[in-house]
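**Student:** 6 is the number of the first residue of the sequence shown in this note's numbering; add one for each residue after it.
C-beta: ideal position from N, C-alpha, C; glycine also.
Got a structure for you, questions after.
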Amino acid sequence: LDYTLAHVGTLRDSEVLEASFCFVDGDVAAADAWDSGEVGGFECYVNAANEELTAAEVYRADASSEGVTSIHPINNSLNLCLRAAEAMKFVKFVSAAAPGSRWDVAAEYHLS
6 LDYTLAHVGT LRDSEVLEAS FCFVDGDVAA ADAWDSGEVG GFECYVNAAN
56 EELTAAEVYR ADASSEGVTS IHPINNSLNL CLRAAEAMKF VKFVSAAAPG
106 SRWDVAAEYH LS
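Dropping the structure here:
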């Protein structure tokens, strides 16, 4: 898929260590497009308890974005994220303006 949904089915009973190995087009223009957030394709983590979150085309960190984290695609990168039990994860829809596809190899490690 070129996106995933944030829903309560992604919640876990305890913290989860997520590992995601990301591949995208690595040239400079493509990297700038992915980093802008304007073409989607980024992983986003939101706190399920935060009912004030609204849909957005691009998520940017500011004073009101507590509980929201986004990780933009970078070619040949390994992203490690310790996700809290109450956090939901999704991948923002990859738009037609994206410089290419995004490929991931991902794993979850449940921590006891």
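1) Would you decide whether glycine 45 is buried or exposed? Buried here means 16 or more other CB atoms lie within 10 Å of its CB.
2) DSSP three-state call for serine 82: helix, strand or coil?
3) Ignore the nearest five residues each way along the sequence and tell me which others in alanine 90's own chain have a CB closer than 7 Å to its CB.
4) Quick one: grab the DSSP three-state call for valine 33.
5) Take tryptophan 108 as the anchor and find which of Phe26, Thr9, Leu22 and Ala11 has the nearest alpha-carbon.
6) May I ask you to list the residues that DSSP assigns as paired with tryptophan 108?
**Tutor:** So, from the listed chains and residues:
1) buried
2) strand
3) Leu16, Arg17, Asp18, Ser19 and Glu20
4) helix
5) Phe26
6) Phe28
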